[in-house]
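Please read the structure below before turning to the comments.
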Amino acid sequence: MNTSTPSTIRVNMLGFLPGLPKNIVLLSDNDLNVLDEKGNQVKSFSGISLRFDEASGDNVASVDLGDLPEGKYILKSGNTEREITVKADAYHEVTDALIKGLYYQRCGCALEEKHAGIYTHGACHTAPASEWGNETVKKTVLGGWHDAGDYGKYVGPGAVTVAHMLYAYLLFPKGCSDDLNIPETGNGTPDILNEARWELEWILKMQKDDGSFYHKLTKAKFAPFIMPEDDKEPEYFMSVSHCATEAAIAVLALAARVYEKFDKDFSEKMLDAALKGWKWVEENPEFKPYAQPEGVNTGYYGDWSDKDERFWAACELFATTGDAKFKTKAEQIYKDAKDPDIIKKELEGNPFFERMKKWNPDFKIPIGLNVTQYGWTDVSGLGSFCCLFVLSEAAGEILYDELKSDFLTKSAETLNLVKSSGYGTAIEANRYVWGSILSVMSNAMTMIIDWKLTGNTEMRDGALNQLNYALGLNALDISFITGFGERRVMNPHHRPSGSDGIEEPVPGLISGGPNKGMNYPEVKERLGDTPAAKYFIDETFSADTNEIAIYWNSPAIFVAACFNAI
C-alpha cells in the first residue's frame, strides 16, 4: 500500500493538456502560488474558500489553474509543494497502457517476454471444457480475456468491453491507434482492434449450434492466488442465457461493420453468427434470467431483464443490415420500456428481481431505458451510441429525436453531479459501490457524448475531471491505474499480480475503487464509518474495493482516447 501521507494539494499526477482546464483541489485555504521550473512565480490565487464535500468528509476548494504553457510547475500552498506537468501528449502513454492491460488478461496462450516484458506466464486453460451437468459434451475453447482478478470468462461483460473499445476507435481513432507491441502488431490492423479481436474470436466459439450463447466458461469455484497456467481444475460451459446471447449479437453486429475493411471474411462470419443468434431470440422470445447452478461459485452476472440487451442488439443489427424489422423491434422495446404496466407484468414472478428487492428494499422499478448506462447490467447506452452516431437522423423520430432528448436530460443530471462534488467527481455520495470506477467513467462517457452532440465544453471539461479522478484528483490522493502516478495502486485483487513475485503489479489495469456498499467483514471492521469516497484498501485481499475488471478498463480507454485525441 502507498504509505506516504496524502498531500493537501490534489492533482492529476500524470499531467494536464494545454488549452484545457487544469483543475486541482486544495484541502487548505492558504494562498496558492504557481512557480515555473526556475522558481519564478507565474500565477497566484488568494482568498481560497473551502466547502464541505459530503462523499469524502473533506473541506476542499477546487481551483482551475487556467492557461499554462507546456512545462513543469511547482504548486505551493502553505508548507506544501506539489509538481505538475503540462504537455500535449499527457494521456498518450496511459491510453496505450489501458488497452495493453487487456493483452495481459489473455487466456489460452503464453505471454512471451518480447511482448509482456517481465510479466510473462505459460499457456493457460488449454484443456477441453464440458457442459455443466452434461459432461458428455466436451470441446476446447481457447482465447478470450480473464474477466477480472479471477480466471473466469463471461460473454456479457466481454461483449461490453469490446463495444467500449470499438466505439472509442470509431469516435477517436487518433487517440487509440498506436502500435502496442502485441503479437499482432504490424499486421495492418490497429492494435486496439487486434486486441478486441482476441475476445471476439472467443465469443464466436461460445455460440451453440442453435444460435444461443453460453453465459460463461469458468471453473466450479474461483481459483486460489496462483498463476494462470497453474489453474488446472476443470472448466465448464454454464447454461445459455438471453442476456449473454443478445449482448453477443450486438457486439458481433457492431464488429462486423468495424472489421469489414480489415478482414471481410471475419466481418461476414460475425454477422452470420449475430443473425443466427437473433433467430434463436425470435424462437425463444420469453426472457429467462440466468440461474447459477448449485455448486458453482464464480461470477454470477445475472440480470432481472434483457430489454436493454435486446434493444442494443436490434439497433446494431439495423445499423449493419439496414433491415427495417430491427428498427421496428428497437422502437417497440424503447416505447414498451416507458410503460409501467408492461414493465410490472414482465417482472411478475421474476426470481432475480425478487432477489434484488431483498438486497435493496428501496429498489424502485425502473421506467424507460436508461440511455446513459454502458455497463454489463444495463447496456442501453450502447444502443444510444449506435442510434446517435451511426444511424443518426436516419434512426427516425423515436430512436434519434426522442432518444437524444432523453439522453441530453440525463447528461445534464450527470454534469450537476460534477458541480455538486467538491472533487468534481461524477458520482453521488451514496453510489460508491463495488466497481464505483465504472460509474465514474460511464458518466465521463455520457458527458463526452453530450459534448460531441452539442459542442457544450462544460460537458467536455466535466468528463476531463473524471480522468483526473482516476489519476489522483480524489479523496485518497491515489492513482487508480497501475503503473501511473507517484502514489498509485500497488496491490490490486488480481491473481497474476499477486502471484508472480514482482513488486509492481501488471501495468495498465484500473482498480474498482472506493466501495461502501457490499463489503467484506474485514474491510468493514478496518474502515468503520470512513466516508464513502475513502472506503478503499490497497491490499490484495480486498476484491470489494481493489479488484480489476476488463469492463472497467474499457470505459477508461474510451475516456482516455478522447482526450488523447485532442
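In case it helps, this note's numbering puts the sequence shown at residues 1163 to 1728.
Glycine included, C-beta positions come from ideal geometry on N, C-alpha and C.
As the structure is a prediction and not an experimental result, all values here were calculated from the model.
Answer yes or no: do F1375 and H1404 have a C-beta to C-beta separation smaller than 7 Å?
no
I need the boundaries of the alpha helix (DSSP H) containing I1236, first residue and last residue.
Premise fails: I1236 lies in the beta strand (DSSP E), G1233 to S1239, not in any alpha helix (DSSP H).
Buried versus exposed call for R1213 [16 or more other C-beta atoms within 10 Å across all chains shown]:
exposed
Looking only at DSSP bridge pairs, what is F1178 linked to?
V1248
Over the uninterrupted beta strand (DSSP E) stretch that includes Y1207, give me the two end residues.
A small correction: the amino acid at residue 1207 is Phe; Tyr does not occupy that position in the sequence shown. Note, F1207: beta strand (DSSP E), Q1203 to F1207.
With a 10 Å radius around its C-beta and 16 neighbouring C-beta atoms as the bar for buried, classify H1283 as buried or exposed.
buried
The beta strand (DSSP E) with A1291 in it runs from where to where?
A1291 to E1293
When you compare only the Cα positions, how much space is there between L1615 and T1460?
40 Å
Hey, is the segment 1189-1199 in contact with the segment 1579-1593, meaning 3+ C-beta pairs nearer than 8 Å?
no
For K1663, count the other beta carbons within 10 Å of its own beta carbon; 16 or more makes it buried, fewer makes it exposed. Which is it?
Per the sequence shown, residue 1663 should be read as Gly rather than Lys. Exposed.
Is F1525 buried or exposed, if buried means 16 or more other CB atoms sit within 10 Å of its CB?
exposed
Using a Cβ-Cβ cutoff of less than 7 Å, which residues in the same chain neighbour K1271 once the five nearest sequence positions on both sides are dropped?
Correcting the residue type first, residue 1271 is Cys in the shown sequence and not Lys. Excluding positions up to five away in sequence, the list reads A1285.
What are the start and end residues of the alpha helix (DSSP H) that includes D1258?
H1254 to Y1265
DSSP state of W1596 mapped onto helix, strand, coil:
coil
If we require 3 or more residues per run, which beta strand (DSSP E) segments fall completely within the segment 1311-1362?
none
Counterpart residues of R1172 in DSSP-defined beta bridges:
V1187
Checking the sheet assignment: what are the DSSP bridge partners for H1283?
L1273
H1308, enclosing alpha helix (DSSP H) - first and last residue:
Segment: none, H1308 is in no alpha helix (DSSP H) and carries neither H nor E.
Identify whether Y1713 lies in helix, strand or coil by the three-state DSSP scheme.
helix
Pull up the distance between the alpha-carbon of A1727 and that of S1661, whole angstroms please.
36 Å
Buried or exposed for V1533, going by 16 or more other Cβ atoms inside 10 Å?
buried
Per DSSP, which one or two residues make a beta bridge with A1492?
The partner list for A1492 (beta bridge, DSSP) is empty, contrary to what the question assumes.
Reference M1389, options L1561, S1582 and Q1267, closest by Cα:
Q1267
Looking at C-alpha atoms only, which residue of V1303, L1227, D1220 and S1218 is the closest neighbour of Q1203?
L1227
Nearest residue (CA-CA) to V1248, options K1696, K1184, I1354 and Q1628:
K1184
Quick check on DSSP: helix, strand or coil for M1652?
coil
Considering only the alpha carbon of each residue, which of M1609, E1555, G1558 and K1438 lies closest to K1581?
M1609
Roughly how many angstroms separate the alpha carbons of L1332 and C1724, rounded to a whole number?
11 Å
Proximity below 7 Å, CB of L1414 to CB of M1400
no
Hey, could you find the ends of the beta strand (DSSP E) V1297 is sitting in?
Reading off the sequence, residue 1297 comes out as Glu, not Val. Start and end: N1296 to K1301.
DSSP state of L1212 mapped onto helix, strand, coil:
coil
So is R1688 buried or exposed if we call it buried at 16+ other beta carbons inside 10 Å?
exposed
Straight-line CA distance for V1541 to G1558?
21 Å
Do the segment 1624-1634 and the segment 1695-1707 touch if we need at least three Cβ pairs shorter than 8 Å?
no
Taking the C-alpha atoms as reference points, what is the distance between Y1463 and P1231?
47 Å
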